[in-house]
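Residue numbers (this note's numbering): 22 to 193. All residues carry an ideal CB built from backbone N, CA and C; glycine is no exception. One structure below.
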């Protein structure tokens with residue numbers, strides 16, 4: 022049982038470190054989103070994918086160790102929580118403290134990653150709304166009404182009203 026606890030603490034510690042790396046990348050991503058640097062955003066996203074794959078491997082290993090622990094203590098793996106396991110270690114205060122510390126560290130890192138990712142989601146949604154607004158403006162400029170300009174034969178020339186980029190036309 023002691024080696025299983027050590028394995029669990031080690032896996033949770035590694036998982037916490039990976040989540041902290043992910044938090045650093047997500048925080049970097051915030052400033053990149055604000056700056057609109059798509060190339061750097063793509064690089065950060067690739068790095069995030071690597072970290073997430075490491076987290077997934079560690080999570081699978083954690084579940085295996087947790088299942089083994091549940092079998093040894095004769096508890097249902099689906100209902101056993103890490104906090105319950107911490108409480109059960111009253112007889113082993115050192116392991117209990119280590120497990121509680123790493124549990125809190127992991128929970129804190131996951132919470133911060135969620136918070137920063139939610140913030141990034143809002144920033145990306147705002148950026149997409151701006152792009153959509155710009156696209157609508159460009160489309161409306163192309164669909165501007167025709168002018169009432171006629172040629173010598175009294176035919177409509179079919180010219181469209183166009184807003185000049187500098188906003189002022191001295192010829193008018």
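Annotation: the stretch 46 to 123 contains the following complete segments of the alpha helix (DSSP H) (minimum length 4 residues), in chain order: 59 to 93 and 103 to 109.
Counting only residues of its own chain and dropping the five nearest sequence neighbours on each side, residue 127 has a CB closer than 8 Å to the CB of 33, 36, 37 and 40. Secondary structure of residue 142 (DSSP, three-state): helix. Residue 62 places its beta carbon less than 7 Å from that of residue 53. Using a Cβ distance threshold of 7 Å, residue 69 and residue 46 count as a contacting pair. Sequence-distant Cβ neighbours of residue 119 in its own chain, meaning closer than 6 Å and more than five residues away, are 30.
If you check the CB distance, residue 50 and residue 147 do not come in under 7 Å. C-alpha of residue 90 to C-alpha of residue 138: approximately 33 Å in a straight line. Counting the other CB atoms within 10 Å of its CB gives residue 145 a total below 16, which places it among the exposed residues. DSSP places residue 173 in the coil class of the three-state scheme, outside both helix and strand. In this model, residue 122 and residue 161 are separated by some 58 Å (Cα to Cα). Residues of the same chain with a CB within less than 7 Å of the CB of residue 55, apart from the 5 flanking positions on each side, are 144 in chain order. Per the C-alpha coordinates, the member of 58, 66 and 28 positioned closest to residue 82 is 28.
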